[in-house]
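Everything on this sheet refers to the single structure shown next.
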Amino acid sequence: MSFTQIYNILNKQVVSKGLTHQITAALLCEEFDKMVVEKWGIEMQNKAKALYWKDKILTVACLSSTMAQEIKLNEGQILDVLNKKFNSLVVEKIRYVL
């Protein structure tokens, strides 16, 4: 009897259960939230949060129009970083909710 790596077992389960999309969405939102802290500091952590990802659009909640504008000004850079992180075109644009 040979041993199977846990990664292979989990990967098969994720694919067979159709969880790939949900996992990608959660990781994408988490990565965006990290980018906000890295770019604008810890005090902005609660001023902008990724809500969800659907149809290659990342929806972000912002507590102020100023924060939404800051993200909009850096949108190209943010999209590049996210897409490189996931090695594919996962996000085409960001939608803002104030």
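Going by the working numbering, the sequence shown runs without a break in its numbering and finishes at 122. Positions of the beta carbon are idealized from the N, C-alpha and C atoms, including for glycine.
- One thing to note: CYS86 has its Cβ within 8 angstroms of the Cβ of ALA72.
- In the structure shown, THR48 adopts helical secondary structure according to DSSP, grouped into three states.
- Collapsing the DSSP output to three states places LEU103 in a helix.
- Classified as exposed, ILE30 has fewer than 16 neighbouring CB atoms from the shown chains inside 10 Å of its CB.
- Here the C-alpha atom of LEU43 lies approximately 21 angstroms from the C-alpha atom of ASP57.
- The residues VAL60, VAL61 and MET91, in chain order, have a CB closer than 8 angstroms to that of MET68 in the same chain once the five nearest residues on each side in sequence are set aside.
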